[in-house]
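Number of protein chains: 2
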Amino acid sequence: MLAEFDVIRRYFTLPSDDASQQGVALGVGDDAALLAPQAGHQLVVSVDTSVVDVHFPGDAPGDAIGHRALAVALSDLAAMGARSRWCVMALTLDQAWFANDQAAHAWLADYAKGFSALATQHATALVGGDVTSGRLAIGVTVMGEVPVGEALTRGGAQAGDVIAVTGALGGGHGGLALWQQGERDRSHPLLERYLWPTPRLAAGEALREWATSAIDISDGLLADLGHLREASGVGASLDIDALPLAEGLLDAMGEDAARQAALTGGDDYELLVTLPAAHVEQARQRLAALGVPFTVIGECSNTLGVHGLPVQRYHGWQHFKGETP
Amino acid sequence: MLAEFDVIRRYFTLPSDDASQQGVALGVGDDAALLAPQAGHQLVVSVDTSVVDVHFPGDAPGDAIGHRALAVALSDLAAMGARSRWCVMALTLDQAWFANDQAAHAWLADYAKGFSALATQHATALVGGDVTSGRLAIGVTVMGEVPVGEALTRGGAQAGDVIAVTGALGGGHGGLALWQQGERDRSHPLLERYLWPTPRLAAGEALREWATSAIDISDGLLADLGHLREASGVGASLDIDALPLAEGLLDAMGEDAARQAALTGGDDYELLVTLPAAHVEQARQRLAALGVPFTVIGECSNTLGVHGLPVQRYHGWQHFKGETP
Chain P
499 MLAEFDVIRR
509 YFTLPSDDAS
519 QQGVALGVGD
529 DAALLAPQAG
539 HQLVVSVDTS
549 VVDVHFPGDA
559 PGDAIGHRAL
569 AVALSDLAAM
579 GARSRWCVMA
589 LTLDQAWFAN
599 DQAAHAWLAD
609 YAKGFSALAT
619 QHATALVGGD
629 VTSGRLAIGV
639 TVMGEVPVGE
649 ALTRGGAQAG
659 DVIAVTGALG
669 GGHGGLALWQ
679 QGERDRSHPL
689 LERYLWPTPR
699 LAAGEALREW
709 ATSAIDISDG
719 LLADLGHLRE
729 ASGVGASLDI
739 DALPLAEGLL
749 DAMGEDAARQ
759 AALTGGDDYE
769 LLVTLPAAHV
779 EQARQRLAAL
789 GVPFTVIGEC
799 SNTLGVHGLP
809 VQRYHGWQHF
819 KGETP
Chain R
499 MLAEFDVIRR
509 YFTLPSDDAS
519 QQGVALGVGD
529 DAALLAPQAG
539 HQLVVSVDTS
549 VVDVHFPGDA
559 PGDAIGHRAL
569 AVALSDLAAM
579 GARSRWCVMA
589 LTLDQAWFAN
599 DQAAHAWLAD
609 YAKGFSALAT
619 QHATALVGGD
629 VTSGRLAIGV
639 TVMGEVPVGE
649 ALTRGGAQAG
659 DVIAVTGALG
669 GGHGGLALWQ
679 QGERDRSHPL
689 LERYLWPTPR
699 LAAGEALREW
709 ATSAIDISDG
719 LLADLGHLRE
729 ASGVGASLDI
739 DALPLAEGLL
749 DAMGEDAARQ
759 AALTGGDDYE
769 LLVTLPAAHV
779 EQARQRLAAL
789 GVPFTVIGEC
799 SNTLGVHGLP
809 VQRYHGWQHF
819 KGETP
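Chains P and R, in that order, give the protein sequences.
The numbering of the first sequence is the working numbering, which starts it at 499 and goes up by one.
The numbering of the second sequence is the working numbering, which starts it at 499 and goes up by one.
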């Protein structure tokens, strides 16, 4: 049987010389972790829970589930322009697994591989965890740092600012749809987008100098733009034809459905930012150097609401409710 | 229906002049919170998940569930000698509630009352949260601070050190047993102990000066003493007759069962510490000033294992497994 005390240490211990272990005075294994925050910085904290069959399909690969659970939390740090440092994980494992040691260990090894690879990539140490039994769910609290006063928020957009996004849109939605249709080729670009989303941490840090506001696209472009507009008190006009579509999306869904996915599909984890038009070219170049596309898709205005949509209403995704205005 | 975006803001927003809001540059409502760590301090972080019918009975009062979920996490900060500052909460609400608005709101109001009262008492701001549907569970990540190098850990006990505990033992186990037998008088001292445990934060800070090691008693005295012995590489002899028994425990259970509850019952959330005998009196006085009893129950030794137990084996509680050596 699984002993809850052992799971975290057994599957999630990284070598102490791993880059992620910087600033960890005491990691997993005591009542709490001891961490050394950097002087002149603010701590940036967010929590995200991923529940089986709500946020990811139960038959998704274990390593993708581990990757995604951390990625969606890191994406929130990216949206603040923060550097990621540490995380803790609350893992609820399926009760049935506790009757089947072998299945549990196989899944855990796979899950930990996906989680730890992304953690290492972003120098993020897992400094605490807790394992319970129930219905598979993962709660990840991420902690990052940003120089005092430099964080990006949802609240600074000004009328006249340009609206831009990193990467491409619609792939999260398109990938999930493909998965549900039975596609299992992990190298399909849409499946890759859905199962292994990329938190845009380097892009978020790079954009700090010019962006006036930022949010990550988890609920869908229109829904998240709505949060940003509300916090900033601005309207927006969008250029639908400018939306960067995820690779393979047009082929898989056709033009109308692809554009709908880009506007309202969730799970893209790209950054949506506003910035003065004068800095767009600099921002584009800096992000290009990071390998991240940067596309202008509209402009902030004084007229509240969203303009430029070809159909009357698009909807964003909200868990529990399904589509919502 | 409940909108997940609103739950945290609606039920958990405290006035910005509340003492808990110190050091919160940006709270709930953006992608992440922005916090100002104190110079010269380490960050102390722990996560605890409470699952219905595993860690608390589903029919427990909502305010007690809120109180307990935070209390068990704060108890880990107390065991490090830390001051609590901030927390985030991952709340998984019962799916059925989303079909019944009124029941959900009534429960949430109750739950938030218990959670927020304890948070305010310990100047701990809820700076982020996330609400999902599934089986009722609460994951709380707490963040505290401690002056650099002064944290208590499980690892510093020396042979010859005295072993002491705060408060009284067995009440968590006794209270749960009473609840399961149908007792519903919230003012019964044992129910109070189980449903509204007291995280010993002030005591933990006060003991920092003298304690050589510390742990909180969540799995039971013997089990947690085992963790401390293992981390410190010491043995222990206990004076069974010295164990401070929770109020009402003898009456409710009789002497043998009461002592067993004190040794192996979980959910007490008292501190178990070691310290040089020379400082016991100072520590006792300082804790008395805080209204917290402090009782010597044994001594650390060079002989590994636990000595002085009147029966061959007592067991500690481990979730999933039940009793375990």
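Ideal Cβ positions, reconstructed from N, Cα and C, are used throughout, including at glycine.
How would you list, in chain order, the residues of chain P whose beta-carbon sits under 7 Å from the beta-carbon of residue i?
i        : result
R:LEU524 : THR651
R:ASP546 : ASP628
Please report how far the alpha carbon of residue i lies from the alpha carbon of residue j, in whole angstroms.
i        : j        : result
R:ASP628 : R:ILE506 : 7 Å
P:GLY694 : P:ALA569 : Looking at the sequence itself, residue 694 of chain P is Trp, so the reference to Gly does not match. So the two alpha carbons sit approximately 8 Å from each other.
R:VAL644 : R:TRP708 : 15 Å
P:LEU625 : P:GLY525 : Residue identity check: residue 625 of chain P is Val in the sequence provided, not Leu. Distance between the alpha carbons of P:VAL625 and P:GLY525: 5 Å.
P:HIS603 : R:VAL640 : 29 Å
R:VAL550 : R:GLY556 : 5 Å
R:ALA635 : P:PHE613 : 22 Å
P:ARG583 : P:VAL542 : 10 Å
R:ALA517 : R:THR511 : 13 Å
R:HIS805 : R:GLY731 : 15 Å
R:LEU802 : P:PHE596 : 32 Å
P:LEU807 : P:GLY527 : 53 Å
P:GLN780 : P:SER548 : 36 Å
R:LEU747 : R:HIS553 : 21 Å
P:MET751 : P:VAL660 : 29 Å
R:GLU681 : R:ASP749 : 14 Å
R:GLY724 : R:ASP765 : 16 Å
R:ALA787 : R:VAL778 : 14 Å
P:GLY789 : P:ASP504 : 39 Å
R:ALA537 : P:ALA537 : 7 Å
R:TYR812 : R:PRO742 : With a pLDDT of only 49 at R:TYR812, under 50, the local geometry of the prediction cannot be trusted, and the value read off the model is given with reservation. About 17 Å.
What is the C-beta distance between residue i and residue j, in whole angstroms, given that I count them as a contact (C-beta under 8 Å)?
i        : j        : result
P:LEU726 : P:SER711 : 6 Å
R:GLN469 : R:SER631 : There is simply no residue 469 of chain R to check, as chain R begins at 499 and stops at 823 in what is shown.
P:VAL522 : P:ALA607 : Not confirmed; about 23 Å, so no contact.
P:ARG698 : P:THR664 : 5 Å
R:LEU688 : R:LEU676 : 5 Å
R:VAL653 : R:ALA729 : Note that residue 653 of chain R is Gly in the sequence shown here, rather than Val. That belief holds up - the Cβ atoms of R:GLY653 and R:ALA729 are roughly 4 Å apart, short of 8 Å.
P:GLY702 : P:SER799 : 25 Å between Cβ atoms; not a contact.
P:GLN540 : P:ALA621 : Wrong, their Cβ atoms sit about 18 Å apart, outside the cutoff.
R:SER685 : P:ASP529 : Rounded, the Cβ-Cβ distance is 31 Å, inconsistent with contact.
R:TYR509 : R:ALA615 : R:TYR509 to R:ALA615, Cβ: 13 Å. No contact.
P:ARG633 : R:ARG633 : 5 Å
Measuring alpha carbon to alpha carbon, tell me which of the options ends up nearest residue i.
i        : options                                : result
R:LEU533 : P:GLN520, P:ALA580, P:VAL550           : P:ALA580
R:THR762 : R:ALA721, R:LEU769, R:LEU747, R:ILE738 : R:ALA721
R:GLY637 : P:LEU650, P:THR590, P:ASP516           : P:THR590
P:SER514 : P:THR618, P:GLU728, P:HIS539, P:LEU634 : P:THR618
R:GLU768 : R:GLU690, R:ALA776, R:THR696           : R:THR696
R:ASP714 : R:LEU770, R:ALA744, R:SER685, R:ASP528 : R:LEU770
R:GLY672 : R:ASP683, R:ARG684, R:GLN656, R:ARG691 : R:ARG691
R:LEU773 : R:ALA662, R:VAL586, R:GLN536           : R:ALA662
R:VAL646 : P:ALA531, P:ARG684, P:LYS611           : P:ALA531
R:ALA588 : R:ASP546, R:ASN598, R:LEU616           : R:ASP546
P:GLN519 : P:TRP605, P:ALA700, P:GLY538, P:CYS585 : P:CYS585
P:VAL658 : P:GLY718, P:ALA610, P:ALA776, P:GLN783 : Reading the sequence as shown, one finds Gly at residue 658 of chain P and not Val. P:GLY658 has its Cα closest to that of P:ALA776, out of P:GLY718, P:ALA610, P:ALA776, P:GLN783.
R:LEU785 : R:ASP754, R:ALA700, R:ARG633, R:ASP529 : R:ALA700
R:GLN678 : R:ALA571, R:GLN783, R:TYR509, R:ALA558 : R:ALA558
P:LEU674 : P:TRP605, P:ALA744, P:ALA655, P:ALA610 : P:ALA744
P:GLY642 : P:PRO535, P:ASP504, P:ARG782, P:GLN783 : P:PRO535
In chain R, which residues lie with their C-beta within 7 Å of the C-beta of residue i?
i        : result
P:ILE713 : ASP529
P:PRO535 : PRO535, LEU541
P:MET578 : ASP529, ALA530
P:LEU575 : ALA530
P:ALA588 : VAL545, THR547, ALA588, GLY637
Determine the chain P residues that contact residue i at a beta-carbon separation under 8 Å, and present them in chain order.
i        : result
R:VAL625 : VAL543
Can you confirm whether residue i, when its beta carbon is compared against all beta carbons of chain C, has any partner nearer than 8 Å?
i        : result
R:SER582 : The structure shown contains no chain C; the protein chains it does contain are P and R.
Below 8 Å on C-beta distance, what does residue i contact in chain R?
i        : result
P:ARG633 : GLY632, ARG633
Listing by chain order, which chain R residues have their CB less than 9 Å from the CB of residue i?
i        : result
P:VAL552 : THR630, SER631, GLY632
(message) Taking contact to mean 3 or more Cβ pairs, one atom from each stretch, closer than 8 Å, check whether the stretch 737 to 744 of chain P and the stretch 792 to 801 of chain P are in contact.
(response) yes
(request) Decide yes or no for the touch test of the stretch 547 to 562 of chain P against the stretch 572 to 579 of chain R: beta carbon pairs closer than 8 Å, at least 3 of them. (result) The answer is no - the stretch 572 to 579 of chain R does not touch the stretch 547 to 562 of chain P, with fewer than three Cβ pairs under 8 Å.
(message) Pairs of beta-carbons, one from the stretch 748 to 768 of chain R and one from the stretch 664 to 682 of chain R, closer than 8 Å: are there three or more?
(response) yes
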